[in-house]
Structure formats: C-alpha cells, structure tokens
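According to the numbering used here, the sequence shown is numbered sequentially starting from 64. Don't be surprised by glycine CBs; every beta carbon is placed ideally from N, CA and C.
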Amino acid sequence: MTLSTPTATHTATAFAGRALLSSLFIVSGLGKAAAPAATLGYIGSTGMPFPTLALAAALLIELGFAAALLVGYRTRLVATVMAGFT
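(1) Three or more C-beta pairs closer than 8 Å, one from the region 101–114 and one from the region 80–89: is that the case here?
(2) Quick one: what does DSSP say Ser-67 is sitting in, helix, strand or coil?
(3) What three-state label does DSSP hand Arg-139 in the structure shown?
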C-alpha cells in the first residue's frame, strides 16, 4: 500500500469545505455572543437546567471548535463533536 501526498486541488477543496462549514457555526456563535441575555432567556424558556452553562458550552463549540475546524486542527474529532452538537 502506498500513501499519496495531497494535491493542491485536494488541499484547496478541503480548506474551502472547512471554511464554508465553520462559517455557519461562527455566524451562529457570534449571534449568541452579541445578545447573551436574549440567548439565556431562550434557553431558560425551554426548561433546560443551567442556562448559563449551556450558553458557555454553545459558544465554545460554535466559536472555538469552528475556529479549530477552519485551521484544520484535529478535523475528524472536531467535526464529530460539531455533528453531535447539531
């Protein structure tokens, strides 16, 4: 079995896919960060316990993990966590 090195097209396509996917999470995370009181109110209205902790977790995943995905850091693990979050 031989391993091939990624071509420039493969690398560019992978980055474009990561950029498009992470942009969805970044936009959503920025919306939550811009209006945390409204987000906390919504989370509280659903009956979820610990709305502040839920908001912190959502921001971590939507902003932190999206940034990790964008730069290509541990993409399989990050994508799995983000898929589970969704």
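Reading it off the structure:
(1) no
(2) coil
(3) helix
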